[in-house]
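The opening residue of the sequence shown carries number 26 in our numbering; numbering runs sequentially from there.
C-beta: ideal position from N, C-alpha, C; glycine also.
Nothing here was measured: the structure is a model prediction, and the numbers come from that model.
One structure is given here, and the rest of the page talks about it.
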Amino acid sequence: MFAAELLRFDLYNPPFAKTEGSEILDGVNYASGSAGICYNSGSHLGDRIYLGRQLENHQSTVSRIANLVGNTTSAEKHLNKWLFIVGLGSNDYINNYLLPEIYHSSHLYAPSQYATALIDQYSRHLR
């Protein structure tokens, strides 16, 4: 069950994995609990979809929309109407850097170095 369902919201964007057909034209949710910028952040908690995979899912969304609306130009016009919200990074600390018994990042980086590494990786993903 997803947070929007638990909160009994009437309207919300469905998770990417559950979108079918033209409903993708109304929006999609790529959120994944415990995911982070780093591939392994939160892995001790089970399955999660890290940023790189979420961006692959977005590319799939763009392709699906292009197929539905006829071409890439029309898909881009449609996507220009969407609001994109990205909230990442806390799990890279909470479920990675601050768990030295599970992850090695705090042994490899000082806090400021880790922040710089996250920013660099985040920037590469968004290019």
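With a threshold of 16 other CB atoms inside 10 Å of the CB of Asn121, please say whether the residue is buried or exposed.
buried
Taking a contact to mean a Cβ-Cβ separation below 8 Å, would you say Ala60 touches Leu36 in this structure?
no
Is it the case that the Cβ atoms of Cys63 and Asp117 are separated by a distance below 8 Å?
yes
Quick one: grab the DSSP three-state call for Pro125.
coil
Taking the alpha carbon of Lys106 as the reference point, which residue from Gly52, Phe34, Pro39 has its own alpha carbon closest?
Gly52
Alpha carbons only, please: which of Glu81, Asn54, Leu123, Ser66 is nearest the one belonging to Phe109?
Proximity to Phe109 across Glu81, Asn54, Leu123, Ser66 peaks at Asn54, based on C-alpha coordinates.
Could you spell out the range, first to last residue, of the alpha helix (DSSP H) harbouring Leu80?
76-94
Between Lys102, His83, Asn65, Glu81, which has its C-alpha nearest Gly114's C-alpha?
Asn65
Measure the C-alpha to C-alpha separation of Arg78 and Leu123 and round it to an integer number of angstroms.
23 Å
Helix, strand or coil for Pro136, going by three-state DSSP, please let me know.
helix
Since Thr98 and Ile49 are thought to touch, with beta carbons under 8 Å apart, how far apart are those beta carbons, to the nearest angstrom?
Rounded, the Cβ-Cβ distance is 18 Å, inconsistent with contact.
Whole angstroms is fine: what's the gap from Ile119's alpha carbon to Lys43's?
Going from the Cα of Ile119 to the Cα of Lys43 covers about 28 Å.
Going by DSSP in three states, Asn54 sits in which element: helix, strand or coil?
strand
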